[in-house]
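K.L.:
Please see the structure below; I have some questions.
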Amino acid sequence: MAQCERFDVAIIGAGPAGLAAALYASRDRYRTLLLEKSGLPGGQIMLTERIDNYPGTPRISGPDLIQAMVDQVRQFGTEVSTGQELTRLMRGEDGIFRLEINEGERLYEARAIILCPGSSYRTLGVPGETEMRQAGKVSYCATCDGAFYRGKEVLTVGGGNTAVEDTLYLAGRFVKHATLVHRRREFRAQKVLVEELLDAAREKNVRILAPYVLTRIVPDADGGQIDHVELRHVETNAVEHMKVDGVFIFVGMVPSTAFVRNLVGINELGYIECDPVTLRTKVRGLFAVGDCRVNAPMQLATACADGVTAAMMLKEYFRNPNWWDSGGVKPTGIW
117 MAQCERFDVA IIGAGPAGLA AALYASRDRY RTLLLEKSGL PGGQIMLTER IDNYPGTPRI
177 SGPDLIQAMV DQVRQFGTEV STGQELTRLM RGEDGIFRLE INEGERLYEA RAIILCPGSS
237 YRTLGVPGET EMRQAGKVSY CATCDGAFYR GKEVLTVGGG NTAVEDTLYL AGRFVKHATL
297 VHRRREFRAQ KVLVEELLDA AREKNVRILA PYVLTRIVPD ADGGQIDHVE LRHVETNAVE
357 HMKVDGVFIF VGMVPSTAFV RNLVGINELG YIECDPVTLR TKVRGLFAVG DCRVNAPMQL
417 ATACADGVTA AMMLKEYFRN PNWWDSGGVK PTGIW
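Residue numbers for the sequence shown follow our numbering, beginning at 117 and rising by one.
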């Protein structure tokens with residue numbers, strides 16, 4: 117049987133939120149374990165070639181930022197372990213958490229847990245999507261990447277609130293022209309947003325194509341730009357080719373929370389319910405931070421802020437375990 121090693125805190129997920137939490141916890145001299153199921157730390161940010169909205173950092177790539185953060189937490193003693201998938205998490209009657217890694221390959225114990233497994237953008241899975249995402253020409257976040265498309269032509273995909281809001285955001289602030297593709301004639305977005313979209317389509321630089329689906333993103337000969345996209349009319353199957361500089365896909369997020377579904381409170385979309393101020397969940401000693409939690413802003417800076425908050429609240433819990441049940445904001449229906 118694998119030997120069990122004990123830590124003060126185990127952090128699940130080595131994205132920006134987990135790394136920020138590890139930095140603060142290890143600086144407070146807590147024995148800190150940072151577990152990442154993939155072969156490299158970083159999460160979604162590793163796929164971002166250019167970051168210029170992280171305070172104090174004019175421009176940096178995702179991999180470079182993560183490497184700097186990993187080096188920093190290791191400097192303060194955090195044990196960073198990759199390729200370590202949490203397959204079972206239990207809390208004993210003594211308040212200690214037991215972690216089973218890779219189906220029992222390794223075992224750990226911890227006095228507290230900070231959950232930050234993140235979430236992933238829902239993709240379309242069409243040919244060319246992955247290649248052009250890696251080239252920086254497919255994005256899932258208008259706030260993150262809109263400024264890179266000043267004066268350019270973009271295609272946006274989706275029919276919910278985010279798709280409509282972010283299409284209007286891009287058209288109003290950055291791009292020369294935005295074409296929104298939706299697979300149905302009716303939008304799922306709130307009516308007031310749809311009305312604003314229709315007004316923009318009549319008067320401004322927005323075009324609506326419905327019911328259409330994006331079926332292919334075709335790279336140019338060098339593979340660094342989009343040559344054109346292929347669209348199909350849902351009812352007639354007619355195919356249309358369009359020249360665009362970038363594609364924004366807004367079809368939702370998938371939180372990586374299935375492995376704790378039976379332990380913590382999770383809403384109908386899969387996000388972990390927690391106190392928005394302290395980030396405490398309903399399970400004593402377990403925090404939820406970053407993109408996996410309800411109402412997360414889904415930004416790099418706020419993910420880091422969540423990690424810092426959880427690590428600071430950790431001290432309160434270690435000083436007085438009864439703190440968990442007193443004070444703070446307790447939203448109706450969650451606690």
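Cβ coordinates follow ideal geometry from the N, Cα and C atoms, glycine included.
Which residues in the same chain have their Cβ closer than 7 Å to the Cβ of residue 326, if we skip the five residues on either side of it in sequence?
P.N.:
Walking along the sequence shown from the start, residue 326 turns up at place 210. Within the same chain, residue 326 has close Cβ partners 298, 300, 301.
K.L.:
When DSSP builds the beta bridges, which residues end up paired with residue 358?
P.N.:
Numbered from its first residue, the sequence shown carries residue 358 at position 242. Beta-bridge pairing links residue 358 to 345.
K.L.:
What residue from 352, 442, 236 has the CA that sits closest to residue 368's CA?
P.N.:
Locating residue 368 in the sequence shown gives position 252, where the first residue counts as 1. Among 352, 442, 236, the Cα nearest to that of residue 368 is on 236.
K.L.:
Helix, strand or coil for residue 429? Go by DSSP, reduced to three states.
P.N.:
As a first step, residue 429 is located in the sequence shown; it is residue number 313 there, counting from the start. Here residue 429 sits in helix by DSSP.
K.L.:
Could you spell out where the alpha helix (DSSP H) holding residue 186 opens and where it closes?
P.N.:
Locating residue 186 in the sequence shown gives position 70, where the first residue counts as 1. Counting along the chain, the alpha helix (DSSP H) containing residue 186 begins and ends at 178-191.
K.L.:
Are the region 224-234 and the region 122-133 in contact at 8 Å, needing three or more beta carbon pairs?
P.N.:
yes
K.L.:
Let me confirm a value: residue 372 is counted as buried when at least 16 other C-beta atoms fall within 10 Å, else exposed. Which label applies?
P.N.:
What you label residue 372 is simply residue 256 of the sequence shown in a count that begins at 1. Label assigned to residue 372: buried.
K.L.:
In whole angstroms, what is the alpha-carbon distance linking residue 324 and residue 395?
P.N.:
Taking the first residue of the sequence shown as position 1, residue 324 is located at position 208. Taking the first residue of the sequence shown as position 1, residue 395 is located at position 279. Roughly 40 Å between the two C-alpha positions.
K.L.:
Between residue 148 and residue 195, is the Cβ-Cβ spacing less than 8 Å?
P.N.:
Position 32 of the sequence shown, counting from 1, holds the residue named residue 148. Position 79 of the sequence shown, counting from 1, holds the residue named residue 195. Contact flag set, yes.
K.L.:
Take residue 365 as the anchor and find which of 254, 426, 119 has the nearest alpha-carbon.
P.N.:
Counted from its first residue, the sequence shown places residue 365 at position 249. With respect to the C-alpha of residue 365, the residue from 254, 426, 119 having the closest C-alpha is 254.
K.L.:
To the nearest angstrom, report how far apart residue 260 and residue 159 are at their CA atoms.
P.N.:
For the purposes of this step, residue 260 is taken as residue 144 along the sequence shown, with counting starting at 1. For the purposes of this step, residue 159 is taken as residue 43 along the sequence shown, with counting starting at 1. So the two alpha carbons sit approximately 16 Å from each other.
K.L.:
Would residue 304 and residue 275 qualify as a contact pair, given that the criterion is a beta-carbon distance under 8 Å?
P.N.:
For the purposes of this step, residue 304 is taken as residue 188 along the sequence shown, with counting starting at 1. For the purposes of this step, residue 275 is taken as residue 159 along the sequence shown, with counting starting at 1. Yes, the pair counts as a contact, with Cβ atoms nearer than the cut-off.
K.L.:
May I ask you to list the residues that DSSP assigns as paired with residue 195?
P.N.:
The residue labelled residue 195 in the question sits at position 79 within the sequence shown. Residue 195 is bridged to 149.
K.L.:
Below 6 Å CB to CB, which residues in the same chain sit around residue 414 once its five sequence neighbours on both sides are set aside?
P.N.:
Counting from 1 along the sequence shown, the entry for residue 414 is found at position 298. Closer than 6 Å at the Cβ level, and outside the excluded window around residue 414, lie 407.
K.L.:
Tell me whether residue 284 sits in a helix, a strand or coil according to DSSP, three-state version.
P.N.:
Within the sequence shown, the letter at position 168 stands for residue 284. In the structure shown, residue 284 adopts helical secondary structure according to DSSP, grouped into three states.
K.L.:
Taking all protein chains shown into account, do 16 or more other C-beta atoms lie within 10 angstroms of the C-beta of residue 249, making it buried, or fewer, making it exposed?
P.N.:
Position 133 of the sequence shown, counted from the first residue, corresponds to residue 249. Residue 249 comes out buried.
K.L.:
CB-CB under 7 Å to residue 182, same chain, minus the five flanking residues each way: which ones, in chain order?
P.N.:
The residue labelled residue 182 in the question sits at position 66 within the sequence shown. Result list for residue 182: 157, 158, 161, 162, in chain order.
K.L.:
Do you know offhand how far residue 283's Cα is from residue 122's?
P.N.:
Numbered from 1 along the sequence shown, position 167 holds the residue referred to as residue 283. Numbered from 1 along the sequence shown, position 6 holds the residue referred to as residue 122. Roughly 49 Å between the two C-alpha positions.
K.L.:
At what residue ranges does the region 221-253 contain a whole run of the alpha helix (DSSP H), taking only runs of 4 or more?
P.N.:
245-250
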